[in-house]
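Comments concern the structure below.
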Amino acid sequence: MKLSSMLGDRFRETPADCQIISQIYMIRGGYMKQVANGIYSLYTPARRIVRKIENIIREEMDAVDGQEVLFPVVMPADLWRESGRYDSIGSELARFKDRGGNDMVLGMTHEEASVQLVRGTPKPESAFPFMIYQIQTKFRDEPRARGGLIRVREFTMKDAYSFHTSQADLEEYYARCYHAYERIFARCGVPEVVAVKSDSGMMGGNISHEFMLLTDIGEDTIVTCPACGYRSNMEAADCVVKNEKVGSAPLTKVATPGQKTIEEVCTFLNSVPERSVKAVVYQENLTDKYIVVFLRGDLEVNETKLRNFVGCEIHPAEVEEGHGIVKGFIGPVNFTGDARVLFDKSLDGTDNMICGANEIDCHYTGLDIERDLKIESFCDVAKTYAGAICPVCGKPEIQISRGVEVGNIFQLGTKYSHSMGLQYQTKDGGFADVIMGCYGIGVGRLCASVCEVRHDDYGPIWPITIAPWQVHLCAMRADKPEVKEAADQLYDALQQAGVEVIYDDRPVSAGVMFSDADLLGVPVRVIVSPKTLGRGAIDLAARDKSFRRDVPVESACEEISATVREMLSAINNVE
RNA sequence: CGAGGUGUAGCGCAGUUUGGUAGCGCGUUUGGUUCGGGACCAAAAGGUCGCAGGUUCAAAUCCUGUCACCUCGACCA
51 MKLSSMLGDR FRETPADCQI ISQIYMIRGG YMKQVANGIY SLYTPARRIV RKIENIIREE
111 MDAVDGQEVL FPVVMPADLW RESGRYDSIG SELARFKDRG GNDMVLGMTH EEASVQLVRG
171 TPKPESAFPF MIYQIQTKFR DEPRARGGLI RVREFTMKDA YSFHTSQADL EEYYARCYHA
231 YERIFARCGV PEVVAVKSDS GMMGGNISHE FMLLTDIGED TIVTCPACGY RSNMEAADCV
291 VKNEKVGSAP LTKVATPGQK TIEEVCTFLN SVPERSVKAV VYQENLTDKY IVVFLRGDLE
351 VNETKLRNFV GCEIHPAEVE EGHGIVKGFI GPVNFTGDAR VLFDKSLDGT DNMICGANEI
411 DCHYTGLDIE RDLKIESFCD VAKTYAGAIC PVCGKPEIQI SRGVEVGNIF QLGTKYSHSM
471 GLQYQTKDGG FADVIMGCYG IGVGRLCASV CEVRHDDYGP IWPITIAPWQ VHLCAMRADK
531 PEVKEAADQL YDALQQAGVE VIYDDRPVSA GVMFSDADLL GVPVRVIVSP KTLGRGAIDL
591 AARDKSFRRD VPVESACEEI SATVREMLSA INNVE
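Be aware that the first sequence starts at 51, since it is given in my numbering, and climbs by one per residue.
This is the structure:
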């Protein structure tokens, strides 16, 4: 490819709409152009990167016996009614009618389609397991797209579905996919992607992992323990705290006029949040029934864990009069409000605590949880925090960071096979629901994520396995016939040798040439100029500045090819 | 969906308060001089000022409506 004829302008100034590094470089570098909110067209460089990522994914999916298929983008609503998701999913599922007035949907994921493809006469047990996957466009009408390709409405995704006849078989295959994912991310040049335990939603007991690239622009909060390697999405992270008794005191009602928040009350009573009981009120979405959560005053509620615990959708409450809930003074002692009451385990074993007295302007001091309350069981709905105790190794070294979810793997169980009638024939002639797993990778998001962690002040530094080209050849002073001739020859030779090369044959100044090359981020840079030719050489350098050397013109093609091969194998040779 | 912001040339912006018929930088085109980190000189092209309606002799500017985009929040199979 010659740069002189390549579409996509590269420019110096950062467009006002761009917020994050990957978005800035991919817009400024002529990789893509926004069409609408969260919808982009890709120019050739981005298309080539994405295609290479897809091919790496293909190889690894094929290596775990995947069968590539292709589902439709448009599906009839009836298929989604079978699983119940036509009604349970909100407006992020794009719905429309075809000319016949039939309800249709745009695929945001393809569990339904995969079951539809696979079902029919129940197959014998011996036909299992198998896995199908596709790499295809998804559309999710996100309430708020942002950050270039990190969070979009239309995107390319690899989604895979595996089918099993036993939980043990699913788990075995799940482990193979987990490993395949590690290989995929390593081969894409981001071996630092880590798997974290993730929230499995309300389906209970199912295991799932998210593959996270840790970076500050990430939208997910990741909990890690440096001592033992424990990793979890905040949504799924246990919160462990240690309480020490400070000495019993009588339960005493005290006047706290106008002191409503934890901070106010603690300041007023000369105490600390850890020695107080916080009440947070939620409502069930469907019934508006109140849920009062009591937890230690210094902690916050993890709404995902709470949602899973109560088993339905919830939202922060707007407390109205007449339910026995005294806003600002809610406490567990003599609480008579019309609400479901939960006690977080952060309160377990506490004594001498401050809590609301369920009366305006009154709190209790000296609350001893064991002595003063009859609590049948504690739940775990608090958000963990930096310095909290690791639920695995017990060391108080929990760290909090941000991550981008570039992939996930999920043990689905029988949710879709059961509702949509996908069964297999057992050896004794009976029928049973097929057990499923699903496995996703956001291709465009992975591309942007790599850019987030592989760049310098001038542009992306693409790992050679996914770089749009392997070699960026600059003919510096292309107006000089000897330069043009040497560069043309090298360009031809490299292509003959199977090297992917972008050739900057434009008669532009060195500054322009280098800036554009930096924005394209091609890992190997070759410069042919009057200077280098004067030495009978070309200049061979790495985009990441890890090497730079003269190579004789005669052996240039050979040496460049060898360098490319070395760089490729350095990344591709993963366990 | 809630709050805030912005729409003027491919990109970045000024002009809007106080109405007078659109400008700057980058980029682009042409010619010339330069040439290893976004060169210089000269000339040129490019905009129904988001859209619709209204007020006015006159609207980028004032009024009404609408759409789009951005940020924060809510949401996220």
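A virtual CB, placed ideally from N, CA and C, is assigned to each residue, including glycine.
All values derive from a computational prediction rather than experimental measurement.
Bounds of the beta strand (DSSP E) holding D600 are 598-602. Judged by their CB atoms, A517 and V442 are not nearer to each other than the 7 Å cut-off. Within the model, the alpha-carbon separation for D411 versus T306 is close to 5 Å. Rounded to the nearest angstrom, the Cβ distance from I380 to A329 is 4 Å, consistent with a contact under 8 Å.
Pairing S282 with Y435, the inter-Cα distance amounts to about 12 Å. Residues E175 of the same chain have their beta carbon placed closer than 7 Å to that of K477, with the five preceding and five following residues left out of the count.
If you draw a straight line from the Cα of R593 to the Cα of D67, it is about 27 Å long. For R78, the CB contacts under 7 Å within the same chain, skipping 5 residues up- and downstream, are R60, F61, T64, L569 in chain order.
For the 7 Å CB-CB criterion, C497 and I99 form a contact. Contact between H229 and L220 fails: their C-beta atoms lie close to 15 Å from each other, not under 8 Å. In the three-state scheme derived from DSSP, where H, G and I count as helix and E and B as strand, F121 is classed as coil. For the pair S451 and M262, the Cα-to-Cα distance works out to about 11 Å. Counting the other Cβ atoms within 10 Å of the Cβ of P276 gives fewer than 16, which makes it exposed. In the structure shown, F359 adopts helical secondary structure according to DSSP, grouped into three states.
The beta carbons of L319 and S396 sit about 20 Å from each other, so the pair does not count as a contact at 8 Å. Considering only V119, L120, G453, L143, the residue with the shortest C-alpha distance to W130 is L143. Judged by their CB atoms, G416 and T337 are not nearer to each other than the 7 Å cut-off.
Fully enclosed beta strand (DSSP E) runs of no fewer than 3 residues occupy 389-393, 403-406 of the segment 385-411, in order along the chain. T206 and Q186 do touch by the CB rule: their CB atoms are close to 7 Å apart, below 8 Å. In this structure the segment 182-201 touches the segment 117-131; the number of beta carbon pairs closer than 8 Å is three or more.
Pairwise C-beta distances place the segment 292-300 in contact with the segment 398-408, as three or more of them are shorter than 8 Å. The segment 544-557 and the segment 491-507 do not touch, with fewer than 3 CB-CB distances between them shorter than 8 Å. Taking the C-beta atoms as reference points, E110 is found nearer than 7 Å to I234.
Residue state for M154 is assigned as strand, using DSSP reduced to three classes.
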